[in-house]
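Okay, so here's the structure we're looking at.
Protein chains: 2
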Amino acid sequence: MKPQEIIAKKRDGEILSRQEINAFIRGVTDETWADYQTSALLMAMFMSGLAQEEQNALTEAMLNSGERLNFSEIDVPLADKHSTGGVGDKTSLIIAPIAAACGIFVPMISGRGLGHTGGTLDKLEAIRGYNVNLSTEEFKETLKTCGFAMSGQTAKIAPADKKLYALRDATATVESIPLIVASIMSKKLAEGLDALVLDVKTGSGAFMQNLDNAKNLAAALCQTGNAFGVKTEAVISDMNQPLGKFVGNALEVFECVKILRGEIDKQMHQTLELSIELAARMLILCGVEKTVQSSKFKVQSVLDSGAALEKFRQNIECQSGAAEICDNPETLLDKNLIEVEIKTEKTGFIAEIDAGAIGESISRIGGGRIKVEDKIDFAVGYECVKKLGDRVKSGETLGVIFCRNKTQTHLIYKKLANAYKIDDGKPSGKFELIKEII
Amino acid sequence: MKPQEIIAKKRDGEILSRQEINAFIRGVTDETWADYQTSALLMAMFMSGLAQEEQNALTEAMLNSGERLNFSEIDVPLADKHSTGGVGDKTSLIIAPIAAACGIFVPMISGRGLGHTGGTLDKLEAIRGYNVNLSTEEFKETLKTCGFAMSGQTAKIAPADKKLYALRDATATVESIPLIVASIMSKKLAEGLDALVLDVKTGSGAFMQNLDNAKNLAAALCQTGNAFGVKTEAVISDMNQPLGKFVGNALEVFECVKILRGEIDKQMHQTLELSIELAARMLILCGVEKTVQSSKFKVQSVLDSGAALEKFRQNIECQSGAAEICDNPETLLDKNLIEVEIKTEKTGFIAEIDAGAIGESISRIGGGRIKVEDKIDFAVGYECVKKLGDRVKSGETLGVIFCRNKTQTHLIYKKLANAYKIDDGKPSGKFELIKEII
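The listed protein sequences correspond, in order, to chains A and B.
Numbering-wise (our numbering), the first sequence opens with residue 1 and increments by one.
Numbering-wise (our numbering), the second sequence opens with residue 439 and increments by one.
Printed below as a string of structure tokens:
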């Protein structure tokens with residue numbers, strides 16, 4: 001079957017058969033389809049959409065384009081969490097140790113940050129020595145030893161997704177629910193999970209700014225996960241401001257260790273709340289707990305006892321990182337940075353925060369990547385002093401930039417200051433972190 | 439402006455600005471756009487369509503991607519004819535000599551055949567020695583000497599079109615009216631014409647099988663031509679059977695010479711009728727004649743006087759071809775071919791002919807190209823003995839294959855025989871050659 005025939009069918013809004021979708025993904029993987037043919041079909045898929053059966057067939061074909069992890073010798077539940085990406089979103093580093101402390105194994109394959117969003121691998125690499133490039137054997141060994149392992153996607157897992165994702169990024173075909181679902185789920189299904197908790201972000205710093213789109217994406221992800229025999233649940237969470245206190249790789253790890261140590265301040269509370277919600281859902285999906293209440297209680301107990309922190313320490317040691325950060329989180333912080341306060345000229349209440357603008361600003365000074373090939377400066381970042389709904393007075397500090405020099409400050413100061421909308425009156429709505437469970 | 443931003447805009451059905459379209463075509467020409475980005479935008483254009491202003495901007499950008507012919511020193515009207523392609527469509531070889539004999543210059547840049555359709559350059563190369571690769575200077579010299587010149591598209595004319603066409607062919611984005619219009623008109627406008635007559639084919643052997651699509655294409659082509667200051671008119675002509683008597687390169691040239699010599703038989707009459715119609719329209723557009731009646735009379739007179747044949751002879755000499763075909767057209771025919779008759783088993787009236795199947799059959803035995811790189815056998819072809827509406831008796835000959843051997847016969851006999859639908863009763867409709875003038 002010629003690529004043109006498959007492309008033409010989708011172009012005309014018809015439903016592709018399983019065979020046609022397999023031919024497409026085989027062609028992408030063995031490179032018998034030219035990139036320009038692949039991108040033409042991706043655009044046709046973007047514009048025509050995919051039916052549920054096409055969605056499942058695409059996910060399966062992408063999953064089968066590579067190898068699956070095999071944990072058949074492990075007899076505890078295997079679960080993972082996946083977030084659609086946000087600013088200051090560091091919950092993986094808290095949830096995985098919690099789950100491990102509760103007897104669940106978490107084989108977490110993560111990605112890197114791009115644009116305004118961060119990536120778990122980048123955060124982990126802010127820990128001196130931490131190795132995110134584990135072989136399949138090392139990955140398995142780490143998982144068995146400490147209950148969770150965190151590594152990058154190898155070339156062997158869903159190779160078709162790697163190719164498609166790079167093309168989608170270059171051809172404006174990223175924001176398509178069926179293509180996003182196939183991309184996420186082909187990788188997650190390769191982990192051989194029993195359960196998967198999804199954190200679908202919505203708001204100014206999220207990929208899906210609109211709540212309805214986020215709900216649709218969450219529903220499609222859950223439908224696909226469950227269709228493939230993985231118990232899947234999605235939490236729709238707020239991304240109308242950076243999550244928690246810090247944005248920036250080392251600063252975010254610092255926040256996680258502080259939370260695991262129980263040394264929590266007000267701004268960190270959101271991070272804790274979301275981590276507990278997601279971890280509790282994971283325990284229930286795995287059958288370890290029955291109710292949300294009991295599950296949250298269990299999660300809180302492994303935090304309080306220090307068991308979760310202990311799991312994190314074990315994991316850092318397994319993955320060759322500097323585990324002393326668990327005892328002295330301050331060692332994560334670079335003393336050579338300068339701190340610049342963003343001050344408000346207005347008095348009132350913080351009504352809106354452009355989380356995307358904050359994420360992008362930090363990326364621009366090296367905290368993330370504008371382009372894929374950019375190098376990361378793990379130390380730089382931002383502290384969110386004031387959060388949505390907070391009352392502020394003229395001259396007060398909204399946040400603090402941690403950067404290398406004044407040039408960096410000038411580059412982003414204005415954008416950061418403009419990221420805040422301050423109203424005279426108290427905002428009428430509530431800023432709920434958890435929007436919905438799907 | 440990033441390619442992704444332009445692609446996303448069209449993907450979302452927005453109207454691209456002239457600047458954005460220029461950036462696209464510049465990127466295609468200087469190769470700063472990757473092929474996969476170009477094909478993604480082509481698919482978005484295919485699916486979203488283009489507004490009139492986008493259509494014009496695209497045509498202009500593609501025109502400006504290369505050089506234009508400059509005939510400012512020539513003070514007679516310059517005109518051309520373009521056909522959307524069909525089977526047995528050989529009118530260019532008759533119209534150009536007629537127009538030249540009537541005092542119009544025809545700088546005709548033509549293409550090659552692909553699939554079921556033929557191409558003027560291939561037909562011309564069936565004339566021994568005929569050179570279709572003229573330099574710009576040779577082209578101009580030929581035009582001045584004999585009133586018309588026929589050559590292939592150089593790399594310098596509308597290079598963006600070459601690139602886009604190749605991609606469209608590989609990505610199922612050919613059949614888009616705005617993309618077709620930009621492709622045709624960017625090349626034709628580069629010829630520096632005063633007038634352009636379009637022959638938009640419709641029917642079983644045409645690109646636009648459906649009459650409404652053909653009308654829409656014709657209207658869009660005329661609108662664009664006129665917007666660029668070229669007087670443009672379109673004739674919608676029937677392609678529900680091969681045009682005239684022969685299909686196949688040398689056989690078609692033979693038919694043209696016979697017509698120019700006035701040695702016309704019944705099956706050739708369609709070819710003559712369409713040639714006269716198109717040539718007459720050209721004379722009117724150029725202001726040489728006022729009414730269709732007087733114009734057709736003028737055309738007939740240069741055929742009757744032998745002036746058109748003389749122009750053809752001059753042109754063949756100018757382009758290094760064997761001009762003796764004008765005196766002995768039989769020298770075009772290869773005596774080594776075998777002739778195989780397609781016979782009908784039914785008695786009745788010819789109700790339908792699949793012209794596309796006939797064109798494709800002849801291509802398969804070397805008369806055309808299935809793939810771009812295929813070599814042509816100029817001699818092979820097909821004679822249409824019976825035409826639409828003709829009464830046939832069981833055992834009678836419908837057509838004759840001119841081929842090299844029995845293997846070729848076996849390859850295509852059945853397809854050719856099945857190309858005819860014979861009904862018991864006389865077809866009620868008329869088979870009109872000229873459907874409409876737009």
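Even for Gly, the Cβ is constructed at its ideal location relative to N, Cα and C.
With a threshold of 8 Å between beta-carbons, can R507(A) be considered close to chain B, or not? Limits of chain A in this structure are 1 at one end and 438 at the other, which puts residue 507(A) out of reach.
On the DSSP letters alone, give me the boundaries of the alpha helix (DSSP H) that H520(B) sits inside. Taken as a continuous stretch (DSSP letters only), H520(B) belongs to no alpha helix (DSSP H), being part of the beta strand (DSSP E) at A517 to S521.
Which of helix, strand or coil DSSP assigns to F139(A): In the structure shown, F139(A) sits in a helix (DSSP, three-state: H, G or I).
Look at S183(A) and D161(A) and say whether their C-beta atoms are less than 8 Å apart. Closer than 8 Å, so yes.
So, does the CB of L167(A) fall closer than 8 Å to a CB anywhere in chain B? Judged by the 8 Å Cβ criterion, L167(A) is in contact with chain B.
Residues that A149(A) bridges to, as DSSP identifies them: Within the DSSP bridge table, the entry for A149(A) names P107(A) as partners.
Give a yes or no on whether the minimum CB-CB distance between Q223(A) and chain B is below 8 Å. So no, Q223(A) is outside the interface.
Who are the near neighbours of D861(B) in its chain, counting only those whose CB is closer than 6 Å to its CB and skipping five residues on each side? A distance below 6 Å between beta-carbons, with the five flanking residues on each side excluded, links D861(B) to the following residues of its chain, in chain order: G786, F787 and A789.
Do you know whose CA, among A44(A), I15(A) and L179(A), lies nearest E53(A)'s CA? Taking each of A44(A), I15(A) and L179(A) in turn and checking the Cα distance to E53(A), the smallest one comes out for I15(A).
Leaving aside the five residues before and after M677(B) along the sequence, list all residues of the same chain whose C-beta is less than 8 Å from its C-beta, in chain order. Within the same chain, G524, V525, D527, K639, T640, G641, S642, G643, A644 and A793 come within 8 Å of M677(B) by CB-CB distance, once the 5 residues on both sides are set aside.
What are the uninterrupted segments assigned as alpha helix (DSSP H) that are 4 or more residues long and contained completely in the segment 673 to 737 of chain B, given in chain order? Runs of the alpha helix (DSSP H) inside the segment 673 to 737 of chain B: 687 to 698 and 707 to 723.
Between the CA atoms of A172(A) and I98(A) - distance to the nearest angstrom: Rounded to the nearest angstrom, the two C-alpha atoms are 38 Å apart.
Give the straight-line distance between the Cα atoms of G366(A) and E125(A), rounded to the nearest whole angstrom. Spanning the two alpha carbons is a distance of roughly 14 Å.
Mapping the DSSP letters down to three states, classify I437(A) as helix, strand or coil. In the structure shown, I437(A) adopts extended strand secondary structure according to DSSP, grouped into three states.
Taking the continuous alpha helix (DSSP H) assigned at Y382(A), which residues delimit it? That residue, Y382(A), is in no alpha helix (DSSP H); its beta strand (DSSP E) goes G381 to C384.
Report the neighbours of T611(B) on chain A: residues whose CB is nearer than 7 Å to its CB, in chain order. Near T611(B) (Cβ distances below 7 Å), the residues of chain A are A40.
On the CB-based measure, 16 or more other CB atoms within 10 Å of its CB, does V380(A) come out buried or exposed? The C-beta of V380(A) has 16 or more other C-beta atoms within 10 Å across all chains shown, which makes the residue buried.
Chain D partners of M268(A), CB-CB under 9 Å? In the displayed structure, chain D is absent; the protein chains listed are A and B.
Integer-rounded CB distance, given that E711(B) should sit under 8 Å from L871(B): Sure, about 6 Å apart at Cβ, within 8 Å.
Comparing C-alpha positions only, which one of R369(A), G429(A) and R281(A) sits nearest to G111(A)? Considering only R369(A), G429(A) and R281(A), the residue with the shortest C-alpha distance to G111(A) is R369(A).
Would you decide whether N133(A) is buried or exposed? Buried here means 16 or more other CB atoms lie within 10 Å of its CB. Exposed, by the Cβ-count rule.
So does the segment 506 to 526 of chain B actually touch the segment 474 to 493 of chain B, counting three or more Cβ pairs closer than 8 Å? With a cut-off of 8 Å, the segment 474 to 493 of chain B and the segment 506 to 526 of chain B do not count as touching, because too few Cβ pairs lie within range.
Distance, Cα to Cα, D513(B) vs V668(B)? C-alpha separation (whole angstroms): 16 Å.
Unbroken alpha helix (DSSP H) run spanning K201(A), endpoints: Judged by DSSP secondary structure, K201(A) falls outside any alpha helix (DSSP H) and instead within the beta strand (DSSP E) spanning A195 to T202.
Looking only at its own chain, which residues have a Cβ that is under 8 Å from the Cβ of N843(B), when we skip the five neighbours before and after it? Same-chain partners within the cutoff: I776.
Could you spell out where the alpha helix (DSSP H) holding E73(A) opens and where it closes? In the DSSP annotation of this structure, E73(A) is not part of any alpha helix (DSSP H), being labelled neither H nor E.
Any chance the segment 405 to 415 of chain A sits against the segment 276 to 287 of chain A, with 3 or more Cβ pairs inside 8 Å? Result no; under three Cβ-Cβ pairs closer than 8 Å.
Mind reading off the beta-carbon distance from L681(B) to Q705(B)? Whole number of angstroms is fine, and I expect it under 8 Å. Not quite, the Cβ-Cβ distance comes to about 10 Å (not below 8 Å), so this is no contact.
Contact check, Y568(B) vs G759(B) under 8 Å by CB: the rounded distance? 3 Å between Cβ atoms; contact.
Give the residues from the segment 484 to 515 of chain B that approach chain A closer than 7 Å (Cβ to any Cβ), ordered along the chain. Among the residues of the segment 484 to 515 of chain B, those with a Cβ less than 7 Å away from any Cβ of chain A are F484 and M485, in the order of the chain.
Specify whether the segment 537 to 545 of chain B and the segment 496 to 505 of chain B touch according to this definition: at least 3 beta carbon pairs, one from each stretch, less than 8 Å apart. The segment 537 to 545 of chain B makes no contact with the segment 496 to 505 of chain B: fewer than 3 CB pairs, one atom from each, lie closer than 8 Å.
Could you work out which residue in G359(A), I7(A) and K346(A) is closest to G395(A) when comparing CA atoms only? The candidate whose alpha carbon is nearest that of G395(A) is K346(A).
Compare the C-alpha of A51(A) against each of L285(A), E289(A), I21(A) and D80(A) and name the closest. Put simply, of L285(A), E289(A), I21(A) and D80(A) the residue whose alpha carbon is nearest the alpha carbon of A51(A) is I21(A).
Contact defined as beta carbons within less than 8 Å: I believe S733(B) pairs with A718(B). What is the distance between those atoms, to the nearest angstrom? 4 Å between Cβ atoms; contact.
Beta-carbon contacts of A596(B) that lie in its chain and below 7 Å, excluding the five residues immediately before and after: Excluding positions up to five away in sequence, the list reads M500, L501, S503, G504, S624, K625 and A628.
N-terminal and C-terminal residue of the beta strand (DSSP E) that Y858(B) is part of: Judged by DSSP secondary structure, Y858(B) falls within the beta strand (DSSP E) whose first and last residues are Y858 to D861.
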